[in-house]
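Just so you know, the UniProt record's numbering puts 215 at position 215 of the sequence shown, and the rest follows in order with no gaps.
Backbone N, C-alpha and C fix where the C-beta goes; we use that ideal spot for every residue, glycine too.
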Amino acid sequence: MLKILKQDGISVLLKTSLKEVSATDSTDPAKAISATASGPEGTPQFTGSHILFAAGRVPNTKALNLDAAGIKTTSRGHIVVDETLQTSNPRVWALGDVKGPPAFTHVSYDDFRLLQGNLLEKDSHPTAMTTVDRILPYVVYTDPQLAHVGLHEKEAREKYPSAKIQVTRMPMAYVARALETDESRGMMKAIIDAESQKILGFTCLGLEGGEIMSVVQMAMIAGSKWTALRDAVWAHPSLAESLNNVWGMLE
1 MLKILKQDGI
11 SVLLKTSLKE
21 VSATDSTDPA
31 KAISATASGP
41 EGTPQFTGSH
51 ILFAAGRVPN
61 TKALNLDAAG
71 IKTTSRGHIV
81 VDETLQTSNP
91 RVWALGDVKG
101 PPAFTHVSYD
111 DFRLLQGNLL
121 EKDSHPTAMT
131 TVDRILPYVV
141 YTDPQLAHVG
151 LHEKEAREKY
161 PSAKIQVTRM
171 PMAYVARALE
181 TDESRGMMKA
191 IIDAESQKIL
201 GFTCLGLEGG
211 EIMSVVQMAM
221 IAGSKWTALR
231 DAVWAHPSLA
241 ESLNNVWGML
251 E
């Protein structure tokens with residue numbers, strides 16, 4: 001991703017902090033703001049029209065007096081929950097960003113589904129639904145997209161130390177649809193368990209990476225083997241067709 005950003009003319013300075021921001025006297029809107037940074041490259045200066053302040057968010061639970069209700073929080077203020085989203089107070093549940101990362105909208109939606117089923121539809125669920133082994137995806141909507149679902153390679157090796165973990169990688173330049181649309185930058189990577197042939201994780205940095213990832217996610221939810229994707233007849237020249245070929249580079 002960093003390489004692609006640089007190709008698009010975007011400078012990325014690592015281990016660098018902002019020292020000063022000020023308005024300029026320039027009549028050019030593109031140079032209305034001046035900024036000075038500090039890092040390994042010295043004190044570079046920049047001009048621009050806007051500043052994006054993306055410092056993140058912190059919980060505001062301190063004002064809720066949760067101790068009085070017997071509800072525990074982390075040192076950062078997130079509400080502690082178990083795998084059913086129940087707090088330390090058995091009459092209170094928490095869902096969404098307030099219970100901590102990953103703070104994704106789709107996680108909040110699924111928290112609601114889980115809680116609704118456990119509290120309002122108990123007859124339909126003989127056992128409580130939990131967050132255990134929930135397969136979570138995410139997409140960074142850059143151009144091209146960066147999408148991931150499941151485990152990363154390091155996580156898979158740590159979680160299953162005795163398993164034979166295999167990895168496959170394929171450049172997006174091998175995808176016909178990517179070539180046709182002139183966006184062949186990036187790659188896809190899959191992590192599998194060699195014995196069960198189950199897909200443990202998948203990453204796609206490339207054209208509509210989130211859509212390709214979602215196809216793999218459905219296979220993971222269904223418990224399908226990676227060979228099911230390899231042997232499927234995908235429409236040509238769709239992006240999904242790349243799932244025929246990515247497995248040919250297993251290591």
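Check                                                                                                                                                                                : Outcome
Can you check DSSP and say which residues form a bridge with Asp193?                                                                                                                 : Ile165
Does at least one heavy atom of the ligand ATP sit under 7 Å from the Cβ of Leu64?                                                                                                   : As far as ligands go, the structure on display features none, and thus does not contain the ligand ATP.
Enumerate in chain order the residues of its own chain whose CB-to-CB distance from Pro39 is below 8 Å, with the five nearest sequence positions on each side excluded.              : Looking at the sequence provided, one finds Gly at residue 39 rather than Pro. Once the five neighbours on either side are set aside, the close Cβ partners of Gly39 are Leu13, Leu14, Lys15, Thr16 and Ser17.
Compute the beta-carbon to beta-carbon distance between Glu183 and Leu207, rounded to the nearest angstrom, for a pair I have assumed lies under 8 Å.                                : 5 Å
My parser needs the beta strand (DSSP E) runs of 3 or more residues fully inside the stretch 75-140; what are they?                                                                  : 137-140
Helix, strand or coil for Ile199? Go by DSSP, reduced to three states.                                                                                                               : strand
Just curious, the alpha helix (DSSP H) that Leu250 is in, first and last residue?                                                                                                    : Taken as a continuous stretch (DSSP letters only), Leu250 belongs to no alpha helix (DSSP H), as it is neither H nor E.
Can you give the Cα-Cα distance for Leu56 and Ser22, rounded to whole angstroms?                                                                                                     : For clarity, residue 56 is Gly in the given sequence; the question names Leu instead. Approximately 22 Å between the Cα atoms of the pair.
Ser49: buried (16+ other C-beta within 10 angstroms of its C-beta) or exposed?                                                                                                       : exposed
Which residue comes first and which comes last in the beta strand (DSSP E) that contains Leu146?                                                                                     : Gln145 to Gly150
Beta carbon of Leu205, beta carbon of Gly186: below 8 Å?                                                                                                                             : yes
Report yes if the CB atom of Val107 is closer than 8 Å to the CB atom of Leu66, and no otherwise.                                                                                    : no
From what residue to what residue does the beta strand (DSSP E) around Gly48 run?                                                                                                    : Gln45 to Gly48
Is it right to say Ser242 is buried, meaning 16 or more other beta carbons lie within 10 angstroms of its own, or is it exposed?                                                     : buried
Can you check whether the CB of Phe104 is closer than 8 Å to the CB of Tyr141?                                                                                                       : no
If you pair each beta-carbon of the stretch 122-137 with each one of the stretch 162-180, do three or more pairs fall below 8 Å?                                                     : no
Mind checking whether Thr130 and Glu83 have CB atoms under 8 Å apart?                                                                                                                : yes
With distances taken from CA atoms, which of Gln197, Arg169, Met170 and Lys19 is nearest Ala163?                                                                                     : Gln197
Measure from the alpha carbon of Ile221 to the alpha carbon of each residue in Arg134, His152, Glu153 and Leu2, then state which is nearest.                                         : Arg134
Rounded to the nearest angstrom, how far is the Cβ of Pro102 from that of Gly209, given a contact under 8 Å?                                                                         : The Cβ separation is near 18 Å, so there is no contact.
In its own chain, which residues sit with a C-beta less than 7 Å from the C-beta of Ser11, not counting the 5 before and 5 after it?                                                 : none
Could you name the residues of the same chain whose beta carbon sits closer than 8 Å to that of Gly223, not counting the 5 residues immediately before and after it, in chain order? : Lys198
Between Gly96 and Asp111, which are expected to be in contact by the criterion C-beta below 8 Å, what is the C-beta distance as a whole number of angstroms?                         : 6 Å
Am I right that Phe202 and Gly150 are in contact with their C-beta atoms under 8 Å? What's the rounded C-beta distance?                                                              : 6 Å
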